[in-house]
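Engineer:
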Amino acid sequence: MEHWLPFIFVCVMGIALLAYVILDGYDLGIGILLPFGNDEEKDRMIAAIGPFWDANETWIVLGIGILLIAFPKAYGLVLTSLYIPVTAMLMGLTLRGVAFDFRVKAGAEKKKRWDVLFFAGSLVAAMAQGWMLGDYITGLGNAGVNQLFSILIAMTMPALYVMLGGAWLLIKASGTLHDKAIRWCRLALLPMGLALLLVSIATPIVSDEIATRWFTLPNAIGLMPIPLACALCFAGMFYLLRQPHIVKSGYGWLVFGALVVICLMAAIGLAFSIFPWIVLGKLTIWEAAAASDSLLFTLIGTLVTLPMIIGYTIFVYRIFSGKAEALSYE
Amino acid sequence: MDHEALLLSRLQFAANISFHILFPTITVGLSWILLFFRTRFTLTGDQTWEYAYQFWVKIFALTFALGVVSGITMSFQFGTNWPGFMERAGNIAGPLLGYEVLTAFFMEASFLGVMLFGKDRVSNGLHLFACAVVAVGTCFSAFWILSLNSWMHTPAGYRIEDGVFYVANWWDVIFNPSFPVRFVHMINASLLTAAFLIAGISAWRVRGRVDGPATWLVLKTGVVMAAVLAPLQIFLGDLHGLNTLEHQPAKIAAMEAVWETERAAPFTLLGWPDESTGETRFAVRIPYAASLILTHDANGEVRGLNEFEGRHPPVAIVFWSFRVMVGMGVLMCLVAFWCAWELWRQGTLGKLPLTALSWMTFSGWIAVLAGWYVTEVGRQPWIIQGLLRADEVVASHPGGTVLGTLVAWLVLYVFLLVSYIGTLRYLSRKPARSLALLHEYGTAKPDAPAGAA
Chain S
9 MEHWLPFIFV
19 CVMGIALLAY
29 VILDGYDLGI
39 GILLPFGNDE
49 EKDRMIAAIG
59 PFWDANETWI
69 VLGIGILLIA
79 FPKAYGLVLT
89 SLYIPVTAML
99 MGLTLRGVAF
109 DFRVKAGAEK
119 KKRWDVLFFA
129 GSLVAAMAQG
139 WMLGDYITGL
149 GNAGVNQLFS
159 ILIAMTMPAL
169 YVMLGGAWLL
179 IKASGTLHDK
189 AIRWCRLALL
199 PMGLALLLVS
209 IATPIVSDEI
219 ATRWFTLPNA
229 IGLMPIPLAC
239 ALCFAGMFYL
249 LRQPHIVKSG
259 YGWLVFGALV
269 VICLMAAIGL
279 AFSIFPWIVL
289 GKLTIWEAAA
299 ASDSLLFTLI
309 GTLVTLPMII
319 GYTIFVYRIF
329 SGKAEALSYE
Chain H
23 MDHEALLLSR
33 LQFAANISFH
43 ILFPTITVGL
53 SWILLFFRTR
63 FTLTGDQTWE
73 YAYQFWVKIF
83 ALTFALGVVS
93 GITMSFQFGT
103 NWPGFMERAG
113 NIAGPLLGYE
123 VLTAFFMEAS
133 FLGVMLFGKD
143 RVSNGLHLFA
153 CAVVAVGTCF
163 SAFWILSLNS
173 WMHTPAGYRI
183 EDGVFYVANW
193 WDVIFNPSFP
203 VRFVHMINAS
213 LLTAAFLIAG
223 ISAWRVRGRV
233 DGPATWLVLK
243 TGVVMAAVLA
253 PLQIFLGDLH
263 GLNTLEHQPA
273 KIAAMEAVWE
283 TERAAPFTLL
293 GWPDESTGET
303 RFAVRIPYAA
313 SLILTHDANG
323 EVRGLNEFEG
333 RHPPVAIVFW
343 SFRVMVGMGV
353 LMCLVAFWCA
363 WELWRQGTLG
373 KLPLTALSWM
383 TFSGWIAVLA
393 GWYVTEVGRQ
403 PWIIQGLLRA
413 DEVVASHPGG
423 TVLGTLVAWL
433 VLYVFLLVSY
443 IGTLRYLSRK
453 PARSLALLHE
463 YGTAKPDAPA
473 GAA
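Below, the structure written as structure tokens:
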């Protein structure tokens, strides 16, 4: 039990953070795309995420919550080291989250201002998350090359989120907005692919530890499915986005699905790179773990509630399935 | 430890939590009021209740969003500024916070989507159910977070090994000695805050001549709630005070500015506690009253600050916060009684009580903030009463870094607060949709005819 509990919790944490990146990723992506829609399209873009964003954002609270519950030592170390990007992210998420309501309730003359804040909040949050991820992968070091790497990921994250946001619109939007969404996805696809490629190349360069794990046999062969699956998904999206009639006939979800696979592969790759560290080179999951009785107490609650959470999340998504048209915040 | 960084981290935490608590305080109470409106509509078919719901659900959604985003800040703040707390007490605090996320946050967030957007997509029954789930969810959330907060005031069910807290008994941890009374005091505070908010904004609307039958229905609901809950809150507050006397006597000594342990202690009504000289200047005192209130015996002994040398909170803040809370509570009670009386006698409210209600719109906020300052500042210098001090767990950031983020947060909070109140004013100036009913039936009485739909 001593051995397995931290492992189970690190898995649940990984799943929560992966769910966050995918789910809030498409919200934040739509936030970043917002300035490119006209007034009427902006309302429809927001209607496409209105019923979901709050629950989507809760996944990061669960992720950070599990870090706190299961690995209290790592929680303090990680968050104090990431003080500035965390603060930037929180401010971005704050502005983005309240803008949903303010933009339609504060009066017509203030709507433009809140749309700008919606966009700015989404972009800042996305970049800050990339920055945090970058710092985290390099073991929270401060060397110059690490900073450069963090900046690189800070630029990458918005590209991924824009793709997710655009792909979400392929599912939820119709008419001219749907056409625009296809165009946005086409434009964002190459930058996203390039950025992911750069990050994949840079990661083993900044971390010797990660390099030895990936580039020694037999690991290198066993890990091949990860880059292969990503390449396949990328090619699939590249093809689909050049065949608008296929996307329009109801296969927009394929693009979103391909992105989910890419995120999943990235998560597995990252987990392989870092495990069993919770802070690379500083703390393993067992060194940072909370007491077993506390973990067991939380595990029972998790086992009961997590299936319920997944159940009613699916239930809510089904209620709001189909095209988002006249959902009004007013 | 850098003294400045500690103070700045404290101020930043105070700013974050003060801003945060404003919004859940409203939504916990308002969610039940909305459930009441929806239920009345479902049972009676009276469209007026539906209009009341439609107006207030907009304000609810906005308030909820502010509570969510400021709450996310809290979950990171423990780590960014107070990492030692989770390193030492994570075995206890972690699971309590975890259960809040698992049993409340997801449930509230998911069903809020159905509540706000699902009206045309689900049956009335399912929508009503979603409203109920959101209301219950807000209370689950309050349950866990107040359990943890209470544990920090009255720790129980733990053991300490090498400075790290371990759980000895979960039941004792969750239902620690100050939890039950703190929980009911806070839930009632939320209902009372929401009652004054809905009555106050309805009064704005009446004074702005944009009111319809639904406005009066809401106003009446708020006044009746306030008239019942305000006296109840004074009773619960007294219970809470006695609980604090038993477990945190230093806090009581600061609240009453009792410098030396004494029998037949007078109650200091007003005054300026001066810690440097250890006396209260300009004191207005009622003989025997402190002993009477605290020990229910005119000659009872009240422990003074002299017994807690170097381990008691700053006196003036606690003393004054307590007076603001109690003063506001009494004022709320009086205004509620007055308005309820007028409504009962005349069926409507005159200009004066309407003005009073509109001035009292945010009275709950003031009382709640003052109350939390009493309890939280009153625990200092401890973060866990008697066991762990705040300066032992603070992060060692450079003072300038914390100052920078503190200023940024303050600017953001002032902007959001101004936007929030501005938006409430803007929404309250729109003519009520239930005005249509008024034209149809020619009456503005709260008991407008049913079945207008």
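Chains as they are written, first to last, in our numbering: chain S, 9 to 338; chain H, 23 to 475. Ideal Cβ placement from N, Cα and C applies to all residues, glycine included. Owing to the predicted nature of the structure, the values given are computational and were not obtained by experimental measurement.
(1) Exposed or buried, H/Thr397, counting other C-beta atoms within 10 Å across all chains shown (16 or more means buried)?
(2) Looking at the structure shown, is H/Phe289 part of a helix, part of a strand, or coil, going by DSSP?
(3) Per DSSP, which residues does H/Trp404 bridge with? Please list them.
(4) Give the straight-line distance between the Cα atoms of H/Val436 and H/Ile39, rounded to the nearest whole angstrom.
(5) Could you tell me the alpha carbon to alpha carbon distance between S/Asn150 and S/Leu172, rounded to whole angstroms?
(6) Just to confirm, are H/Asp413 and H/Leu65 a CB contact at a threshold of 7 Å?
(7) CB of H/Ser380 to nearest heavy atom of the ligand GDP: below 6 Å?
(8) I need the boundaries of the beta strand (DSSP E) containing H/Thr302, first residue and last residue.
(9) Near S/Leu25, what residues of its chain come up, given a Cβ to Cβ distance below 6 Å and the 5 sequence neighbours on each side ignored?
(10) Would the segment 72-87 of chain H count as touching the segment 230-241 of chain H if we require 3 or more Cβ pairs under 8 Å?
(11) Put H/Pro471 into one of helix, strand or coil per three-state DSSP.
(12) Could you round the C-beta distance between H/Asn113 and H/Phe187 to whole angstroms and report it? I think they count as a contact, below 8 Å.
(13) Anything in chain S within Cβ reach of H/Ile39, meaning under 8 Å, just list it in chain order.
(14) Taking 7 Å as the threshold (beta carbon to beta carbon), is S/Ser130 in contact with chain H?
(15) For S/Val132, which three-state DSSP category applies?
(16) If H/Glu26 and H/Gly421 are in contact, beta carbons under 8 Å, what's the gap, nearest whole angstrom?
(17) Closer than 8 Å, Cβ to Cβ, to anything on chain S: give me those residues from the segment 67-80 of chain H, in chain order.
(18) Among the residues of its own chain, which have a CB less than 7 Å from the CB of S/Gly22, if the five just before and after it don't count?
(19) Could you name the residues of chain H that S/Phe15 contacts, counting a contact when the two beta carbons are closer than 8 Å?
(20) Suppose you measure from the CA of S/Gly289 to the CA of S/Ala82; what does that come to, to the nearest Å?
(21) Kindly list the residues whose CB is nearer than 8 Å to the CB of S/Phe108, restricted to its own chain and excluding five residues on each side of it in sequence; keep chain order.
(22) Identify whether H/Thr47 lies in helix, strand or coil by the three-state DSSP scheme.
(23) Looking at the structure shown, is S/Leu291 part of a helix, part of a strand, or coil, going by DSSP?
(24) Rounded to the nearest angstrom, what separates H/Ala554 and H/Leu84 at their Cα positions?
(25) Exposed or buried, which one is H/Lys467 when buried takes at least 16 other CB atoms within 10 Å?
(26) To be precise: take each residue of the segment 181-200 of chain S, compare its Cβ to all Cβ atoms of chain H, and keep it if any distance is under 7 Å. Which residues remain?
(27) Select from H/Val123, H/Ala417 and H/Ala211 the residue whose C-alpha is nearest the C-alpha of S/Val69.
(28) Less than 7 Å between CB atoms is the rule here; does S/Ile54 satisfy it with respect to chain H?
(29) Write down the C-beta distance between S/Val106 and H/Leu88 rounded to the nearest angstrom, noting that I regard them as a contact closer than 8 Å.
(30) Would you mind working out which of S/Leu311, S/Thr306 and S/Met316 sits nearest S/Phe79, comparing C-alpha positions?
(31) Excluding sequence positions up to five away, which residues of its chain have a Cβ less than 7 Å from the Cβ of H/Met129?
(32) When you compare only the Cα positions, how much space is there between S/Ile190 and H/Met354?
(33) For H/Phe98, return the contacting residues in chain S, with the cut-off set at a CB-CB distance below 7 Å.
(34) To the nearest angstrom, how far is it from the Cα of H/Gly369 to the Cα of H/Lys242?
(35) Would S/Thr292 pass as an interface residue toward chain H - the criterion being a Cβ-Cβ separation below 7 Å?
(36) Using only alpha-carbon positions, find the residue among H/Thr299, H/Asp142, H/Val50 and H/Phe35 that is nearest to H/Pro105.
Structural biologist: For this structure:
(1) Mapped onto the second sequence, residue 397 of chain H falls at position 375. Looking at its Cβ environment, which holds 16 or more other Cβ atoms inside 10 Å, H/Thr397 is buried.
(2) For the purposes of this step, residue 289 of chain H is taken as the residue at position 267 of the second sequence. Strand at H/Phe289.
(3) Sequence index remark: in the second sequence, residue 404 of chain H carries index 382 (1-based). In DSSP, H/Trp404 forms a bridge with H/Arg411.
(4) For the purposes of this step, residue 436 of chain H is taken as residue 414 along the second sequence, with counting starting at 1. For the purposes of this step, residue 39 of chain H is taken as residue 17 along the second sequence, with counting starting at 1. Straight-line Cα distance between these residues: approximately 14 Å.
(5) Translated into the one-based positions of the first sequence, residue 150 of chain S becomes position 142. Translated into the one-based positions of the first sequence, residue 172 of chain S becomes position 164. Looking at the two C-alpha atoms, the distance is approximately 31 Å.
(6) For the purposes of this step, residue 413 of chain H is taken as residue 391 along the second sequence, with counting starting at 1. For the purposes of this step, residue 65 of chain H is taken as residue 43 along the second sequence, with counting starting at 1. Contact: no.
(7) With respect to the ligand GDP, the structure shown offers nothing to examine, as it has no ligands at all.
(8) Translated into the one-based positions of the second sequence, residue 302 of chain H becomes position 280. Counting along the chain, the unbroken beta strand (DSSP E) around H/Thr302 starts and ends at Glu301 to Ile308.
(9) As a working mapping, residue 25 of chain S is identified with position 17 in the first sequence. For S/Leu25, where only same-chain residues beyond five positions count, the Cβ hits under 6 Å are Gly71.
(10) yes
(11) Taking the first residue of the second sequence as position 1, residue 471 of chain H is located at position 449. Any reading at H/Pro471 needs caution, since the residue's pLDDT is 40, under 50, leaving its predicted position unreliable; the model's value is listed next. Reduced to three states, the DSSP call for H/Pro471 is coil.
(12) Taking the second sequence and counting its residues from 1, the one referred to as residue 113 of chain H is at position 91. Taking the second sequence and counting its residues from 1, the one referred to as residue 187 of chain H is at position 165. Between H/Asn113 and H/Phe187 a beta carbon distance of about 6 Å is seen, short of the 8 Å cut, so the two are scored as contacting.
(13) Sequence index remark: in the second sequence, residue 39 of chain H carries index 17 (1-based). Here the premise fails: no neighbours, minimum Cβ distance about 14 Å.
(14) Here residue 130 of chain S corresponds to residue number 122 of the first sequence, with the count starting at 1. Closer than 7 Å: no.
(15) Here residue 132 of chain S refers to the residue found at position 124 of the first sequence. Helix at S/Val132.
(16) Working through the second sequence from its first residue, we reach residue 26 of chain H at position 4. Working through the second sequence from its first residue, we reach residue 421 of chain H at position 399. Rounded, the Cβ-Cβ distance is 4 Å, consistent with contact.
(17) Lys80
(18) Translated into positions along the first sequence, residue 22 of chain S becomes position 14. Contacts found: Ala275 and Ala279.
(19) Residue 15 of chain S sits at position 7 when you count from the first residue of the first sequence. None at all; the shortest Cβ gap to chain H is about 17 Å.
(20) By one-based count along the first sequence, residue 289 of chain S stands at place 281. By one-based count along the first sequence, residue 82 of chain S stands at place 74. Roughly 12 Å separates the two Cα atoms.
(21) Position 100 of the first sequence, counted from the start, is the residue given in the question as residue 108 of chain S. Hits under 8 Å: Ile54, Gly58, Trp61, Phe126 and Tyr337.
(22) Mapped onto the second sequence, residue 47 of chain H falls at position 25. Three-state result, H/Thr47: helix.
(23) Locating residue 291 of chain S in the first sequence gives position 283, where the first residue counts as 1. Of the three classes helix, strand and coil, the one that applies to S/Leu291 here is strand, per DSSP.
(24) Given that chain H is displayed from residue 23 to residue 475, the structure contains no residue 554 of chain H and the question cannot be resolved.
(25) Stepping through the second sequence from its first residue, residue 467 of chain H is reached at position 445. Reliability fails at H/Lys467, whose pLDDT of 45 lies under 50, so the model's placement of it is uncertain and no value is given.
(26) none
(27) Your numbering for residue 69 of chain S matches position 61 in the first sequence. Per the Cα distances, H/Val123.
(28) Residue mapping note: residue 54 of chain S aligns to position 46 of the first sequence, counting from 1. S/Ile54 does not count as touching chain H.
(29) Here residue 106 of chain S refers to the residue found at position 98 when the first sequence is read from its first residue. Here residue 88 of chain H refers to the residue found at position 66 when the second sequence is read from its first residue. Going by Cβ atoms, the distance from S/Val106 to H/Leu88 rounds to 6 Å, so yes, they are a contact pair.
(30) Within the first sequence, the letter at position 71 stands for residue 79 of chain S. The candidate whose alpha carbon is nearest that of S/Phe79 is S/Thr306.
(31) Position 107 of the second sequence, counted from the start, is the residue given in the question as residue 129 of chain H. Excluding residues within five positions, the ones whose Cβ falls inside 7 Å are Val155 and Gly159.
(32) Within the first sequence, numbered from 1, the residue matching residue 190 of chain S stands at position 182. Within the second sequence, numbered from 1, the residue matching residue 354 of chain H stands at position 332. Spanning the two alpha carbons is a distance of roughly 57 Å.
(33) Counted from its first residue, the second sequence places residue 98 of chain H at position 76. Within 7 Å Cβ-Cβ: Ile72, Leu87, Val94 and Leu98.
(34) Locating residue 369 of chain H in the second sequence gives position 347, counting from the first residue. Locating residue 242 of chain H in the second sequence gives position 220, counting from the first residue. Roughly 9 Å between the two C-alpha positions.
(35) The count along the first sequence starts at 1 and reaches residue 292 of chain S at position 284. For S/Thr292, the answer is no, since every Cβ of chain H falls outside 7 Å of its Cβ.
(36) For the purposes of this step, residue 105 of chain H is taken as the residue at position 83 of the second sequence. Measuring from the Cα of H/Pro105, the nearest candidate turns out to be H/Phe35.
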